[in-house]
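S.K.: One structure, as structure tokens, below. Some questions next.
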Amino acid sequence: MEKSIRQKIREIVGREHCSDSREDLILYSYDAMNRRYLPDMVAHPQTALEVSRLLKLANERSFPVVPRGAGTGLTGGSLAIDGGLVLTTRRMNRILEIDPDSLTAWVEPGVLNGELQKAAAKYSLFFPPDPASMEFSTLGGNAAENAGGTRAVKYGVTRDYVMALEVVMPTGEIVHTGSASIKSVTGYDLTRLIVGSEGTLGVITRLLLKLVPVPESVGTMLASFSEIQSAARAVARIMSGRVTPSTLEFMDRNAVECVKAYLEEDIPAGAAALLLMEVDGSPSVVEEDAGTIEEACYKEGALQVKSAREADERASLWTARRSLSPAIMKIKPLKINEDVSVPRMKIPDLITGIEKLATRHRLTIVNFGHAGDGNVHVNLLLDPDDKDEVSRAQEAVRELFELVVSLGGSLSGEHGIGIAKAPYLGIELENSAIEVMRKIKQALDPNNILNPHKTFDYAASSLERELVHRHE
Ligand SMILES: Cc1cc2nc3c(=O)[nH]c(=O)nc-3n(C[C@H](O)[C@H](O)[C@H](O)COP(=O)(O)OP(=O)(O)OC[C@H]3O[C@@H](n4cnc5c(N)ncnc54)[C@H](O)[C@@H]3O)c2cc1C
14 MEKSIRQKIR EIVGREHCSD SREDLILYSY DAMNRRYLPD MVAHPQTALE VSRLLKLANE
74 RSFPVVPRGA GTGLTGGSLA IDGGLVLTTR RMNRILEIDP DSLTAWVEPG VLNGELQKAA
134 AKYSLFFPPD PASMEFSTLG GNAAENAGGT RAVKYGVTRD YVMALEVVMP TGEIVHTGSA
194 SIKSVTGYDL TRLIVGSEGT LGVITRLLLK LVPVPESVGT MLASFSEIQS AARAVARIMS
254 GRVTPSTLEF MDRNAVECVK AYLEEDIPAG AAALLLMEVD GSPSVVEEDA GTIEEACYKE
314 GALQVKSARE ADERASLWTA RRSLSPAIMK IKPLKINEDV SVPRMKIPDL ITGIEKLATR
374 HRLTIVNFGH AGDGNVHVNL LLDPDDKDEV SRAQEAVREL FELVVSLGGS LSGEHGIGIA
434 KAPYLGIELE NSAIEVMRKI KQALDPNNIL NPHKTFDYAA SSLERELVHR HE
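Count along the sequence shown from 1, then add 13; that gives the number in our numbering.
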């Protein structure tokens with residue numbers, strides 16, 4: 014990046030709010046995908062106007078701009094593949110208003126999800142999207158990735174809670190989308206276009222979000238089954254009844270093995286699948302729904318259903334789910350974490366297919382996730398020094414995606430495409446659909462300034478080269 018461009022960036026955001034020192038650039042060179050690309054500069058604008066001026070400069074002088082929230086993305090969305098400017102939202106971090114009457118909040122994009130949860134709780138409200146990263150990921154990043162969480166089965170995902178946005182378009186215009194009114198069908202739904210666009214179509218600088226009253230009471234249940242098929246039948250029985258759990262998580266045989274050490278007394282011998290479920294509402298509704306769920310689990314052959322109402326007992330049942338990630342890392346130090354989704358009745362077919370894949374490619378694969386919405390986290394556990402295993406895993410990932418699509422599913426339920434899955438987009442989407450997306454990108458970002466390579470054009474060959482390189 015030329016000296017004169019660096020100087021202009023300093024003038025726009027202020028010398029103290031940007032840096033090109035190597036130490037600072039390294040901090041912004043990776044996200045949770047764990048790959049490194051050094052940007053040329055990082056800037057921390059505070060207003061939409063500053064963002065707009067940066068993007069106009071980028072178009073005039075032809076350098077890439079990569080928006081970045083907290084850098085917790087799992088698919089490389091905030092990586093500066095071609096260098097250029099990383100534009101963070103860390104100084105746009107104010108909760109501007111919480112309106113307890115209209116159940117809404119205006120926020121800036123750098124506010125952490127967990128900060129909004131705390132502020133909303135003062136009004137007995139909450140923001141339903143609850144990614145596991147909620148304490149350290151931003152609302153701008155959640156919107157850009159359309160993040161989901163354990164409550165999605167009842168409450169939906171981020172997209173369902175974004176009413177309006179202020180967005181700086183790739184060419185620098187500041188645009189307001191959506192409406193504070195619940196019903197609005199004026200023009201194209203630009204809010205939905207931007208949400209989930211992974212920072213490729215605009216930089217979000219303000220969000221109007223919906224909030225929901227905190228339920229009076231919550232019940233948690235942990236059910237153990239001897240096989241995944243009976244757990245899946247229990248899910249079907251629960252969902253086709255009149256109960257909608259607020260959480261319905263599952264763990265397969267390998268996942269159960271991982272957490273057994275943490276939860277000996279809660280998991281009976283012979284358990285090969287777990288369902289962690291929650292219901293919320295008034296105390297009487299919670300009692301009734303919890304009873305219905307318990308009955309459904311036992312009818313489908315549950316070995317045991319543990320139930321909790323008080324916060325500390327509930328937290329203890331959640332230990333199984335929360336201890337999974339650290340437990341998995343004890344088996345092998347590297348994991349490829351795919352977050353595929355299938356229609357929920359296809360989960361047993363998916364698990365059976367994954368077991369076959371694991372045997373064929375001699376891999377350890379641990380599956381868990383959101384049974385209620387069919388979003389399964391498939392974790393391939395690897396030894397980074399075993400190049401042959403890494404290469405077998407890459408083959409297995411492609412076959413996994415083909416399996417998922419053959420079951421009517423999707424490559425990503427919540428983590429996005431970024432660069433991690435860009436080479437596989439054509440497995441799910443037909444060329445004509447990809448072409449429409451490309452045309453939208455070209456129309457809004459004719460110079461391909463904003464977050465290039467994400468979603469579409471990251472070649473499989475470079476991905477494979479890097480994966481191998483990373484483990485050398
Ligand atoms: C331990 C862990 C658990 C996780 N659990 C979940 C989970 O349960 N559910 C889930 O969905 N995800 C999960 N994630 C993934 C990640 O936290 C989410 O994708 C999150 O939404 C990313 O937010 P961020 O602020 O870190 O964004 P970043 O990683 O900084 O950026 C993500 C993408 O958003 C773009 N972006 C960021 N801010 C803006 C903005 N203001 N305007 C336009 N584009 C922007 C970036 O360019 C990038 O493409 C998890 C990650 C980790 C590490």
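For glycine and all other residues, C-beta sits at the position ideal for the given N, C-alpha and C.
Please classify alanine 456: is it buried, with 16 or more other beta-carbons within 10 angstroms of its beta-carbon, or exposed?
M.R.: Taking the sequence shown and counting its residues from 1, one reaches residue 456 at position 443. Its Cβ having fewer than 16 others within 10 Å, alanine 456 is exposed.
S.K.: Can you check the segment 251-275 for any beta strand (DSSP E) of at least 3 residues that lies completely inside it and give the ranges in chain order?
M.R.: Listed in chain order, they are 260-264.
S.K.: Which residue marks the beginning of the alpha helix (DSSP H) containing isoleucine 309, and which one marks its end?
M.R.: Locating residue 309 in the sequence shown gives position 296, where the first residue counts as 1. For the sequence presented, residue 309 should be read as alanine rather than isoleucine. 296-312 is the span of the alpha helix (DSSP H), which, as asked, contains alanine 309.
S.K.: How is glycine 153 classed by DSSP in three states: helix, strand or coil?
M.R.: As a first step, residue 153 must be located in the sequence shown, where it is residue number 140. Helix, per DSSP.
S.K.: Pick from Val120, Thr88, Leu87: whose alpha carbon is nearest that of arginine 103?
M.R.: Locating residue 103 in the sequence shown gives position 90, where the first residue counts as 1. Ranking Val120, Thr88, Leu87 by Cα distance to arginine 103 puts Val120 first.
S.K.: Can you look up phenylalanine 469 in the DSSP assignment and give me helix, strand or coil?
M.R.: Translated into positions along the sequence shown, residue 469 becomes position 456. In this structure, phenylalanine 469 counts as coil in the three-state DSSP scheme.
S.K.: At a cut-off of 8 Å, is alanine 157 close to ligand 1 when judged by its beta-carbon and the heavy atoms of the ligand?
M.R.: Mapped onto the sequence shown, residue 157 falls at position 144. Indeed, a heavy atom of ligand 1 lies less than 8 Å from the Cβ.
S.K.: Given alanine 433, which residues of its chain have a CB within under 8 Å of its CB, disregarding the five upstream and five downstream residues?
M.R.: Indexing the sequence shown from 1 puts residue 433 at position 420. Same-chain partners within the cutoff: Met46, Leu87, Thr88, Gly89, Leu476.
S.K.: Report the three-state DSSP secondary structure of alanine 249 (helix, strand or coil).
M.R.: Within the sequence shown, residue 249 is the residue found at index 236, counting from 1. Alanine 249 falls in the helix class under three-state DSSP.
S.K.: Decide if valine 269 is buried, meaning its Cβ has at least 16 other Cβ atoms within 10 Å, or exposed.
M.R.: Locating residue 269 in the sequence shown gives position 256, counting from the first residue. Answer is buried; the Cβ neighbour count reaches 16.
S.K.: Would you check if the distance between the CB atom of leucine 276 and the CB atom of threonine 332 is smaller than 9 Å?
M.R.: Within the sequence shown, numbered from 1, the residue matching residue 276 stands at position 263. Within the sequence shown, numbered from 1, the residue matching residue 332 stands at position 319. Result yes, Cβ atoms of leucine 276 and threonine 332 sit closer than 9 Å.
S.K.: Any chance you could list the alpha helix (DSSP H) runs of at least 4 consecutive residues sitting entirely within the segment 72-122, in chain order?
M.R.: Within the segment 72-122, no complete alpha helix (DSSP H) run reaches 4 residues.
S.K.: Does the beta-carbon distance from leucine 395 to glutamate 402 come in below 9 Å?
M.R.: Reading the sequence shown from its first residue, position 382 is the one you call residue 395. Reading the sequence shown from its first residue, position 389 is the one you call residue 402. In this structure, glutamate 402 lies closer than 9 Å to leucine 395 by Cβ.
S.K.: One question on the structure: do leucine 68 and glycine 185 come within less than 9 Å of each other, judged by their Cβ atoms?
M.R.: Counted from its first residue, the sequence shown places residue 68 at position 55. Counted from its first residue, the sequence shown places residue 185 at position 172. For leucine 68 and glycine 185, yes; Cβs fall inside 9 Å.
S.K.: Is it true that the segment 248-257 meets the segment 364-377, where meeting means three or more beta-carbon pairs spaced less than 8 Å apart?
M.R.: Not touching, per the Cβ criterion.
S.K.: If you draw a straight line from the alpha carbon of arginine 266 to that of lysine 343, how long is it in whole angstroms?
M.R.: In the sequence shown, the residue the question calls residue 266 occupies position 253. In the sequence shown, the residue the question calls residue 343 occupies position 330. Their backbone Cα atoms lie some 16 Å apart in a straight line.
S.K.: Please report how far the alpha carbon of phenylalanine 221 lies from the alpha carbon of arginine 107, in whole angstroms.
M.R.: Counting from one through the sequence shown, the residue named residue 221 turns up at place 208. Counting from one through the sequence shown, the residue named residue 107 turns up at place 94. Per the sequence presented here, residue 221 reads as leucine, with phenylalanine not at that position. Answer to the nearest angstrom: the Cα atoms are 13 Å apart.
S.K.: Using 8 Å as the threshold, is the segment 230-245 in touch with the segment 308-318, meaning 3 or more CB pairs across them?
M.R.: Contact between the segment 230-245 and the segment 308-318 is present, because at least three Cβ pairs lie under 8 Å.
S.K.: Please name the residue or residues paired with leucine 287 in a DSSP beta bridge.
M.R.: The sequence position of residue 287 within the sequence shown is 274, counting from 1. Partner(s): Ser237, Met264.
S.K.: Would the beta-carbon of serine 336 be found less than 8 Å away from any heavy atom of ligand 1?
M.R.: One-based indexing of the sequence shown puts residue 336 at position 323. Incorrect: serine 336 has no Cβ contact closer than 8 Å to ligand 1.
S.K.: So, using beta-carbon positions, are leucine 330 and cysteine 310 closer together than 9 Å?
M.R.: Within the sequence shown, residue 330 is the residue found at index 317, counting from 1. Within the sequence shown, residue 310 is the residue found at index 297, counting from 1. Not a contact, by the Cβ cut-off of 9 Å.
S.K.: Bridge partners for proline 226 per DSSP, in chain order?
M.R.: Translated into the one-based positions of the sequence shown, residue 226 becomes position 213. Proline 226 pairs with Leu138.
S.K.: Taking 8 Å as the cut-off, is the CB of alanine 45 close to at least one heavy atom of ligand 1?
M.R.: As a working mapping, residue 45 is identified with position 32 in the sequence shown. Yes; taking the cut-off as 8 Å, the Cβ of alanine 45 has a heavy atom of ligand 1 nearer than that.
S.K.: Just verifying my parser: in three-state terms, what is the DSSP assignment at glutamine 130?
M.R.: Within the sequence shown, the letter at position 117 stands for residue 130. Of the three classes helix, strand and coil, the one that applies to glutamine 130 here is helix, per DSSP.
S.K.: From which residue to which residue does the alpha helix (DSSP H) around leucine 413 run?
M.R.: As a first step, residue 413 is located in the sequence shown; it is residue number 400 there, counting from the start. Unbroken alpha helix (DSSP H) run through leucine 413: 400-419.
S.K.: Between the Cα of lysine 345 and those of Pro397, Pro296, Asn388, Ser243, spot the shortest distance and give me the residue it belongs to.
M.R.: Stepping through the sequence shown from its first residue, residue 345 is reached at position 332. Of Pro397, Pro296, Asn388, Ser243, the residue nearest in Cα terms is Pro397.
S.K.: Using only the alpha-carbon positions, how far apart do valine 208 and glycine 283 sit?
M.R.: Numbered from 1 along the sequence shown, position 195 holds the residue referred to as residue 208. Numbered from 1 along the sequence shown, position 270 holds the residue referred to as residue 283. In a straight line, the C-alpha of valine 208 is about 43 Å away from that of glycine 283.
S.K.: Under DSSP, the beta strand (DSSP E) around glutamate 179 begins and ends at which residues?
M.R.: Working through the sequence shown from its first residue, we reach residue 179 at position 166. 175-181 is the extent of the beta strand (DSSP E) around glutamate 179.
S.K.: What's the gap between the Cα of isoleucine 94 and the Cα of alanine 247?
M.R.: The sequence position of residue 94 within the sequence shown is 81, counting from 1. The sequence position of residue 247 within the sequence shown is 234, counting from 1. Distance between the alpha carbons of isoleucine 94 and alanine 247 is about 45 Å.
S.K.: Apart from the five residues just before and just after leucine 98, which ones in its own chain have a Cβ nearer than 8 Å to its Cβ?
M.R.: In the sequence shown, counting from the first residue as 1, residue 98 sits at position 85. Met14, Ile22, Pro52, Asp53, Met54, Val55, Ala56, Leu67, Ala71, Phe76, Pro77, Val78, Val79.
S.K.: Which whole-angstrom value is the C-beta distance of glutamate 179 and threonine 218, which I expect to be below 8 Å?
M.R.: The sequence position of residue 179 within the sequence shown is 166, counting from 1. The sequence position of residue 218 within the sequence shown is 205, counting from 1. Correct: roughly 5 Å between the Cβ atoms.
S.K.: Below 8 Å on the Cβ atoms is my contact criterion, and I expect valine 166 with glutamate 427 to pass it. Report the Cβ-Cβ distance as a whole number of Å.
M.R.: The residue given as residue 166 occupies position 153 in the sequence shown. The residue given as residue 427 occupies position 414 in the sequence shown. Not quite, the Cβ-Cβ distance comes to about 12 Å (not below 8 Å), so this is no contact.
S.K.: Given that a residue counts as buried once 16 or more other Cβ atoms are within 10 Å of its Cβ, and exposed if not, what is tyrosine 201?
M.R.: Taking the sequence shown and counting its residues from 1, one reaches residue 201 at position 188. It is exposed - the Cβ of tyrosine 201 has fewer than 16 other Cβ atoms within 10 Å.
S.K.: Per DSSP, what kind of secondary structure is serine 475 in: helix, strand or coil?
M.R.: What you label residue 475 is simply residue 462 of the sequence shown in a count that begins at 1. Annotation note: pLDDT 49 at serine 475 (below 50); position unreliable, coordinate value reported separately. Reduced to three states, the DSSP call for serine 475 is helix.
S.K.: Candidates Ser197, Thr257, Val181: which alpha carbon is nearest valine 64's?
M.R.: Counting from 1 along the sequence shown, the entry for residue 64 is found at position 51. Measuring from the Cα of valine 64, the nearest candidate turns out to be Val181.
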